[in-house]
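Number of protein chains: 2
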Amino acid sequence: MTVYDDMMRHQRETGALAQVAGRLGWDQETVMPQGAGDQRAEEGAAMEAVLHARRTDPRIGAWLDAIDPATLDDEARAQIRHIRRSYDRAMRVPADLATALARLTSRSHQAWARARADDDVASFLPVLSEIVALKREEGAALAAGGDPYDAMLQDYEPGTSAAQLGAMFDALRPRLVALRQACLERPQPAPLTGRFDAKTQMALSRKLAGVFGYDFSRGRIDKAVHPFSSGSGDDVRITTRTSEIDPFNCAYTTIHEVGHATYEQAIRPAYRFTPLGEGVSMGVHESQSRIYENQLGRSRAFTAWLHGEMTEAFGDLGLDGPEAFYAAVNRLENGFIRTEADEVQYNLHVLLRFDLERALISGDLSVGDLEAAWNDRFAADFGFAVDRPSNGVLQDVHWSAGLFGYFATYTLGNVYAGCLHERLRDAVPDLDAQMAAGDLSAATGWLRGHVQQHGGLFEPREVITRAYGRAPDEGPLLAYLEAKFGALYGL
Amino acid sequence: MTVYDDMMRHQRETGALAQVAGRLGWDQETVMPQGAGDQRAEEGAAMEAVLHARRTDPRIGAWLDAIDPATLDDEARAQIRHIRRSYDRAMRVPADLATALARLTSRSHQAWARARADDDVASFLPVLSEIVALKREEGAALAAGGDPYDAMLQDYEPGTSAAQLGAMFDALRPRLVALRQACLERPQPAPLTGRFDAKTQMALSRKLAGVFGYDFSRGRIDKAVHPFSSGSGDDVRITTRTSEIDPFNCAYTTIHEVGHATYEQAIRPAYRFTPLGEGVSMGVHESQSRIYENQLGRSRAFTAWLHGEMTEAFGDLGLDGPEAFYAAVNRLENGFIRTEADEVQYNLHVLLRFDLERALISGDLSVGDLEAAWNDRFAADFGFAVDRPSNGVLQDVHWSAGLFGYFATYTLGNVYAGCLHERLRDAVPDLDAQMAAGDLSAATGWLRGHVQQHGGLFEPREVITRAYGRAPDEGPLLAYLEAKFGALYGL
Numbered sequence: 040m041t042v043y044d045d046m047m048r049h050q051r052e053t054g055a056l057a058q059v060a061g062r063l064g065w066d067q068e069t070v071m072p073q074g075a076g077d078q079r080a081e082e083g084a085a086m087e088a089v090l091h092a093r094r095t096d097p098r099i100g101a102w103l104d105a106i107d108p109a110t111l112d113d114e115a116r117a118q119i120r121h122i123r124r125s126y127d128r129a130m131r132v133p134a135d136l137a138t139a140l141a142r143l144t145s146r147s148h149q150a151w152a153r154a155r156a157d158d159d160v161a162s163f164l165p166v167l168s169e170i171v172a173l174k175r176e177e178g179a180a181l182a183a184g185g186d187p188y189d190a191m192l193q194d195y196e197p198g199t200s201a202a203q204l205g206a207m208f209d210a211l212r213p214r215l216v217a218l219r220q221a222c223l224e225r226p227q228p229a230p231l232t233g234r235f236d237a238k239t240q241m242a243l244s245r246k247l248a249g250v251f252g253y254d255f256s257r258g259r260i261d262k263a264v265h266p267f268s269s270g271s272g273d274d275v276r277i278t279t280r281t282s283e284i285d286p287f288n289c290a291y292t293t294i295h296e297v298g299h300a301t302y303e304q305a306i307r308p309a310y311r312f313t314p315l316g317e318g319v320s321m322g323v324h325e326s327q328s329r330i331y332e333n334q335l336g337r338s339r340a341f342t343a344w345l346h347g348e349m350t351e352a353f354g355d356l357g358l359d360g361p362e363a364f365y366a367a368v369n370r371l372e373n374g375f376i377r378t379e380a381d382e383v384q385y386n387l388h389v390l391l392r393f394d395l396e397r398a399l400i401s402g403d404l405s406v407g408d409l410e411a412a413w414n415d416r417f418a419a420d421f422g423f424a425v426d427r428p429s430n431g432v433l434q435d436v437h438w439s440a441g442l443f444g445y446f447a448t449y450t451l452g453n454v455y456a457g458c459l460h461e462r463l464r465d466a467v468p469d470l471d472a473q474m475a476a477g478d479l480s481a482a483t484g485w486l487r488g489h490v491q492q493h494g495g496l497f498e499p500r501e502v503i504t505r506a507y508g509r510a511p512d513e514g515p516l517l518a519y520l521e522a523k524f525g526a527l528y529g530l
Numbered sequence: 040m041t042v043y044d045d046m047m048r049h050q051r052e053t054g055a056l057a058q059v060a061g062r063l064g065w066d067q068e069t070v071m072p073q074g075a076g077d078q079r080a081e082e083g084a085a086m087e088a089v090l091h092a093r094r095t096d097p098r099i100g101a102w103l104d105a106i107d108p109a110t111l112d113d114e115a116r117a118q119i120r121h122i123r124r125s126y127d128r129a130m131r132v133p134a135d136l137a138t139a140l141a142r143l144t145s146r147s148h149q150a151w152a153r154a155r156a157d158d159d160v161a162s163f164l165p166v167l168s169e170i171v172a173l174k175r176e177e178g179a180a181l182a183a184g185g186d187p188y189d190a191m192l193q194d195y196e197p198g199t200s201a202a203q204l205g206a207m208f209d210a211l212r213p214r215l216v217a218l219r220q221a222c223l224e225r226p227q228p229a230p231l232t233g234r235f236d237a238k239t240q241m242a243l244s245r246k247l248a249g250v251f252g253y254d255f256s257r258g259r260i261d262k263a264v265h266p267f268s269s270g271s272g273d274d275v276r277i278t279t280r281t282s283e284i285d286p287f288n289c290a291y292t293t294i295h296e297v298g299h300a301t302y303e304q305a306i307r308p309a310y311r312f313t314p315l316g317e318g319v320s321m322g323v324h325e326s327q328s329r330i331y332e333n334q335l336g337r338s339r340a341f342t343a344w345l346h347g348e349m350t351e352a353f354g355d356l357g358l359d360g361p362e363a364f365y366a367a368v369n370r371l372e373n374g375f376i377r378t379e380a381d382e383v384q385y386n387l388h389v390l391l392r393f394d395l396e397r398a399l400i401s402g403d404l405s406v407g408d409l410e411a412a413w414n415d416r417f418a419a420d421f422g423f424a425v426d427r428p429s430n431g432v433l434q435d436v437h438w439s440a441g442l443f444g445y446f447a448t449y450t451l452g453n454v455y456a457g458c459l460h461e462r463l464r465d466a467v468p469d470l471d472a473q474m475a476a477g478d479l480s481a482a483t484g485w486l487r488g489h490v491q492q493h494g495g496l497f498e499p500r501e502v503i504t505r506a507y508g509r510a511p512d513e514g515p516l517l518a519y520l521e522a523k524f525g526a527l528y529g530l
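Protein chains in written order, with our numbering: chain C, 40 to 530; chain Y, 40 to 530.
So this is what it looks like as structure tokens:
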């Protein structure tokens, strides 16, 4: 056994335990008895303590020091890169601070949930102030002299910076605001109306998952209030939800989660339980879920096929054929809530949060001024006023959980999806004909080969650059959105 | 923090992790994707490694040495007793031997499954010889000069001995053989025939679980090929199965598992995650599942109520009223398989295995002579010949898993159930009237108060002795079986 082998054995065991902890999370959201919550919290904490001890094991530092990367192949060097990053991160945060943050975010989640339910911002602000203060402290520790917010971004998107994201996002914002406004000034297409049986929605969900390449022998679909995908390798489970009045929610939630899940299922089996054995970043993960859901799933070609499937499943949908169905799938609506937003408006929600949280961490914005800043920005970009905090600054769970740096990856994923979609169209010239026949295999196969199989082998930006052929930029996403919605709304 | 507090904190974390490992087992048997088996094996092994390291942590020895039990209350002394036993056990088995056994039993399970499928004893005997050899070595290490088989029994029923069990079992055997023979010589009651909808069976299963006191807010029922109960405290799940032609299987499997599960649910919440927070032994556990299933669930009074429920659920059952239904529930049949046996014959299957495995471990019986010994004993007790190994020596998984000492607890549980039932009848004089109305609350409440709530507080035999009023013996079980089946078969 070499030193590298010793280290990788430790990593694989840690990786296996992390899968167990993840499975516990799945259990909690899908099948756990309602009265088991307190006990489960202790079980989860015990698992976290085990994982934390393994991730900060001083042997890791000694192993890393003893290994000469020049003697290793590309895969092993990539493993080292991940292990070094994770170990350095753990070492830089003082144990007291980590404990204080864990305690605070467990308490603050409840404070946030209560504040949102009561539309009471004031009750949440003192807690949020504590969170921001501790996160700034953590960010400074992680940055080791660099920029704290940049350091936070590394937890979700290694290799990126606020300046890089900010430049992209600043280029997106005016054109998205203009596109949104132009669409909403036009006559709106008819929405889907009616009642739709939940069991039939779940049957369609299973069919869609199969069409998008989900391997049911290594996964399963259940329902959850807040759908998610969980697990890696041979046990990757997805969840979805049904709404009696909105079958699109179930269908597109499923396709979105299948994007995440097939990424995990497609990673080379040899990487199992290692740092290479998971999707490489939140942004790249989101690029897969978004391209499945939007560029493919909400395309004119695919919705033509879906229109047939849904008509067969539910009977007459009350829409005038596949074109009206395509318009109903893609119609814009004024709304306050990020998670309910369409392709055009979604990124404006993200950009707002990115700019505000960056200012909170830099100190340019105080927690006391946050609500006003949110409401001003919302009115500027969306053209109407936030009516209450639960539709505004209190709507998302992220900040209450200390997840600063996370939001940006949603839009970065869309930008990446735009790049990948442009190249995919080149690679599969008759993609529309295939999708219109319900055949996604060439598209998902291309993504599997160019992105998914690599897992953590390349840095996030590098895997997109390799697939796209050059450095990613916001151009393809903007061109795609303007062309698609321009045609839909007759701009 | 005292030394005792330090030790208990370690124990509680270990207990929480053990619950996680148990949940992983539940997942595997109920919801795990079929292709996840290999990955899951590694995840389970990683959890076992964590648990093993915690259970053999040398700090436990130091803590135990530093604590003066005289300074502790009864509960703390009971905790120490369990921790000492578990730690000494772990310390006595050399690491090499433990590893060799773990490896062998993982391999031998497959060898056994193949041998049973092919009815090929010869292919399994070499593996079984290795298991017996290693188990004897382990038994000798555990016994530290005492009897190896007695040492093995402690894993399942602390405080018992082969001599004590052997005396009980030798008293049972001739009277059970005679009772069995007398019943089978009489005309047999009509069995239940027909087809029974699986969903209706599961609905009835849920109703029965509730009637027997199962708390659904802290548990759930799913299906599994080999039903089991799993978990402690606030997350205790049961599984059952359905057979289209045998709804009794689902009903009585459910009641049996509810006996196990309510035991775990009833233990004092303060004991959570500690050695006192679980059922105290296999024998006491089985006493609960058996008294729920048999003395209560298969009683004339309760089956009168169940007859009404099943008639309502399935329509006319084709049996001539509640008495014929009671007879059908309790009818004897010749059979080879332990797990399918009725109350009278079940213990004869167990006694056979106890005597044979005891002889295997002592060296009085060689593995090569095992099949012949099995077949001779079976013919002597059951009056007909084993037709093939899968109906004989290969039918049970236990020996392939190295579980020597386990079988005895099945009959010990029945003996304990007999004792508890006798005292319960004194305590609840109108029990039959209550059960005939579908009201089990007094019976299950008595068991909760006298047995279940204590968890591991008392030694197994002590908790039964306290509830029964004197040391347990086989008398009540024999008297109950002879009276019940004597009346049923007009002996």
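Glycine included, C-beta positions come from ideal geometry on N, C-alpha and C.
Assuming residue i is part of the beta strand (DSSP E), what are its boundary residues?
i	result
Asp261/C	260-262
Thr279/C	276-279
To the nearest angstrom, how far is the alpha carbon of residue i from that of residue j?
i	j	result
Arg48/C	Trp102/C	12 angstroms
Gln227/C	Leu527/C	10 angstroms
Gly374/C	Leu516/C	22 angstroms
Arg280/Y	Asp420/C	58 angstroms
Arg370/Y	Ala156/C	59 angstroms
Pro72/C	Ser256/Y	6 angstroms
Gly484/C	Leu136/Y	48 angstroms
Phe341/Y	Asp104/Y	52 angstroms
Gly205/C	Ile260/Y	51 angstroms
Val250/C	His460/C	18 angstroms
Asp403/C	Glu396/C	10 angstroms
Leu167/C	Thr138/C	17 angstroms
Thr95/C	His299/Y	40 angstroms
Which residues bound the alpha helix (DSSP H) around residue i?
i	result
Asp135/Y	134-157
Gln384/C	382-401
Asp478/Y	Careful: Asp478/Y lies outside any alpha helix (DSSP H) and carries neither H nor E.
Asp408/Y	Per DSSP, Asp408/Y belongs to no alpha helix (DSSP H) and is neither H nor E.
Leu167/Y	160-182
Inspect the beta-carbon positions of residue i and residue j and report whether they are closer than 8 angstroms.
i	j	result
Gly252/C	Gly452/C	no
Ser328/C	His295/C	yes
Ile122/C	Tyr43/C	no
Ala506/Y	Arg462/Y	yes
His388/Y	Ala380/Y	yes
Met349/C	Pro286/C	yes
Tyr302/C	Gly316/C	no
Ala447/Y	Phe364/Y	no
Leu192/Y	Gly444/Y	yes
Using a Cβ-Cβ cutoff of 8 angstroms, what residues of the stretch 177-189 of chain Y are near chain C? List them in chain order.
none
Using a beta-carbon distance cut-off of less than 9 angstroms, what residues from the stretch 210-235 of chain Y approach chain C?
Of all residues in the stretch 210-235 of chain Y, none has a Cβ within less than 9 angstroms of some Cβ in chain C.
Taking a cut of 7 angstroms between CB atoms, which residues from the stretch 256-276 of chain C lie near chain Y?
So the list reads Ser256, Arg257, Gly258, Arg259, Gly272, Asp273, Asp274, given in the order they occur along the chain.
What residues in the stretch 67-82 of chain C bring their beta carbon closer than 9 angstroms to a beta carbon of chain Y?
Listed by position along the chain: Thr69, Val70, Met71, Pro72, Gln73, Gly74, Ala75, Gly76, Asp77, Gln78, Arg79, Glu81, Glu82.
Taking only beta carbons into account, state which residues of the stretch 53-68 of chain C come closer than 7 angstroms to chain Y, listed in chain order.
Ala55, Leu56, Gln58, Val59, Arg62, Leu63, Asp66
Which residues of the stretch 287-314 of chain Y have a Cβ closer than 9 angstroms to any Cβ of chain C? Give them in chain order.
Arg311, Phe312
For the stretch 87-109 of chain C, which residues have a CB atom closer than 8 angstroms to at least one CB atom of chain Y, in sequence order?
Per Cβ criterion, the list reads Ala88, Val89.
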